[in-house]
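Order-wise, the sequence lines are chains A and B. The opening position of the first sequence corresponds to residue 94 in our numbering, with each subsequent residue numbered one higher. The opening position of the second sequence corresponds to residue 94 in our numbering, with each subsequent residue numbered one higher.
There are 2 protein chains.
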Amino acid sequence: MHQTFDAALGINLLHANQAGADHNRAHFDEWGIACFNVMSSPGAGKTAILERTLAVLTAEYKIAVIEGDMTTELDADRLRKYNVPVIAINTGRSCHLDSKMVAGGIHTLAHEYNPSEIDLVLVENVGNLVCPAEFEVGEHLKIALLSITEGEDKPLKYPVMFQEADCLLITKIDLAPYLDVDVDRIVANVRQMNPHVTIIVVSAKTGEGLEAWFDWVRSQIHHLSKSPHQLSTVGEKAVALG
Amino acid sequence: MHQTFDAALGINLLHANQAGADHNRAHFDEWGIACFNVMSSPGAGKTAILERTLAVLTAEYKIAVIEGDMTTELDADRLRKYNVPVIAINTGRSCHLDSKMVAGGIHTLAHEYNPSEIDLVLVENVGNLVCPAEFEVGEHLKIALLSITEGEDKPLKYPVMFQEADCLLITKIDLAPYLDVDVDRIVANVRQMNPHVTIIVVSAKTGEGLEAWFDWVRSQIHHLSKSPHQLSTVGEKAVALG
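Spelled out as structure tokens, the structure:
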């Protein structure tokens, strides 16, 4: 559920959401947690990438997941297999997570676990290439995914997501031989929207590019943990085209 | 741009949108035009299917397109090659077409062409599996697309789109050999949400299933044109699993 375009009202809603996001981020900073907001179209592979990420990085970090879906806990259940805290949020008819919903998730997390022991919270947003990009939830960094099956033109047609992203994962590269798609053209279109975003080309199926992604996650956690009171101002964008 | 979940306000917005949609549909009915609202995630292949559709059906019907995109006229330009009227609507930051935007498109159409000569208006919505399903624009029938690359679980996770659809095109079936996807499972999940929806499995690349889709379009236009004053009440859902 969402309103039709109304600039005045929209700004007020975003303003209220931003205040909630800043509050959430203050909690994360207080507990020394890095928070990433993971966003994409439906089916670009967010959950598959998180599965691969948890399989490797839970050996190095204490990770929790806040899992947003309109209905069902299908994705939450997939990630619970990695023995990490997974807080499921059903957004009902809402097309994105907002800071208030995530505040509820943080509340649950702080009640059921010791948040000071957690290093990283991965927020998996509702599958939607438009709306989640406008609603901060308290993250330090935004991760966007674009599947190569979605076509070369998407960064131009859905600019906000690509402008806002700190890291873009171009997913399903294993399908490249079967598609009429030019990955260099995707990269060029992304750069047109956001010259400094980190771009990593990956396949959750073959594992291609995942080490570059894990290294990026490690470097950001390291970066953030060194500056606990400046967590929300780091986000310097490295370039690691894998 | 859209608001966070607010049931009371949301209902008012939908009510206002519905009144506009009814007004648009009254225009279509007056002119004897059938209107289809074509919706899906980004990159599911809406424009590719419309290209294939225009290539064949413009020999039989006078067709016009209302093309919604946040920014750019990339898709509109692809469809203009088929020598049909294409009205491009840029939604800006809005994640869906609403009835007011489409009213503007209808106004342009009526000014620049003779609407009584048009048989079919295809509305291509913004790529988004969530929001467009809630905002009628004056269509008689809703067409949803789901690419097999998006995975089997999408009908369960994004139920509104599948509940609302009159016809579902399962697209990119040519990629089935390269994916771990069970198309029967997709169909079963769709049926769980909407037992009577027409489901047609297609590939814009190989042409598989397109004749079944064209036949469905033909039958709906025929059906609608026979009952000009009941255009919005027909929509009996045939079952043509191709």
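All residues carry an ideal CB built from backbone N, CA and C; glycine is no exception.
Check	Outcome
Taking CB distances under 8 Å as the criterion, tell me whether Met336/B reaches chain A.	Any question about residue 336/B goes unanswered here, given that chain B covers just 94 to 335.
Measuring CB to CB, does Glu243/B end up less than 8 Å from Asp275/B?	no
Would you kindly check if the distance between the Cβ of Ile263/B and the Cβ of Ile236/B is under 8 Å?	no
Using only CA atoms, which one of Val131/A, Glu210/A, Ser240/A lies nearest to Gly136/B?	Ser240/A
List the residues of chain A that Lys250/B touches, going by C-beta distances under 7 Å, in chain order.	Asp162, Met163, Thr164, Thr165, Leu167
Label His315/A either buried or exposed according to how many other C-beta atoms from any shown protein chain fall within 10 Å of its C-beta, with 16 as the threshold for buried.	exposed
If we call anything under 8 Å between Cβ atoms a contact, is Leu234/B one with Asp259/B?	yes
Runs of 3 residues minimum, wholly inside the region 151-184 of chain A: which ones carry the beta strand (DSSP E) assignment?	156-162, 179-183
Which residues of chain A have a Cβ atom closer than 7 Å to the Cβ of Glu243/B, listed in chain order?	Pro135, Gly136
Between Ala109/B and Glu144/A, what straight-line distance do the alpha-carbon atoms span, to the nearest angstrom?	43 Å
Which residues in the same chain have their Cβ closer than 7 Å to the Cβ of Tyr154/A, if we skip the five residues on either side of it in sequence?	Asp212, Leu213, Ile314
Per DSSP, which one or two residues make a beta bridge with Leu234/B?	Phe129/B
Quick check: the Cα distance between Gly163/A and Ala169/B, rounded to an integer number of angstroms?	Note on identity: in this sequence residue 163/A is Met, with Gly being the wrong assignment. For Met163/A and Ala169/B, the distance between alpha carbons rounds to 31 Å.
Excluding the 5 residues preceding and the 5 following Asn117/B in the sequence, name in chain order all residues of the same chain whose CB lies nearer than 7 Å to its CB.	Ser192, Val195, Ala196, Ile199, Val230, Gly231
Check distances from the C-beta atoms of the region 213-247 of chain B to those of chain A and list, in chain order, the residues that come in under 8 Å.	Val219, Gly220, Asn221, Leu222, Val223, Cys224, Glu227, Phe228, Ser240, Thr242, Glu243, Gly244, Asp246, Lys247
Given that Val253/A touches chain B, what residues does it touch there, using C-beta distances under 9 Å?	Met163, Arg186
Using DSSP with H/G/I as helix, E/B as strand and the rest coil, what is Ser296/B?	coil
Using a Cβ cut-off of 8 Å, pull out every chain A residue sitting near Leu303/B, in sequence order please.	Near Leu303/B there are no residues of chain A at all, since even the closest Cβ is about 18 Å away, more than 8 Å.
Run through the region 226-281 of chain B for me and flag every whole alpha helix (DSSP H) of 4 or more residues, listed as ranges in chain order.	247-250, 252-257
Answer with yes or no whether the minimum CB distance from Leu262/B to chain A is below 8 Å.	no
Are the region 207-227 of chain B and the region 123-130 of chain B in contact at 8 Å, needing three or more beta carbon pairs?	yes
Go ahead and pull the three-state DSSP assignment for Leu303/A.	helix
Could you tell me if Pro270/B is buried or exposed, where buried requires 16 or more neighbouring beta carbons within 10 angstroms of its beta carbon?	exposed
Compare the Cα-Cα distances from Val310/A to each of Ala114/A, Leu147/A, His189/A and report the closest residue.	Leu147/A
Using the Cα positions of Met94/A and Val131/B, report the straight-line distance between them to the nearest angstrom.	Low per-residue confidence applies at Met94/A: pLDDT is 46, beneath 50, and the placement is therefore not dependable enough to give any value.
If we ignore side chains and look at the alpha-carbon of each, how far apart do Ile279/B and Ile279/A end up?	29 Å
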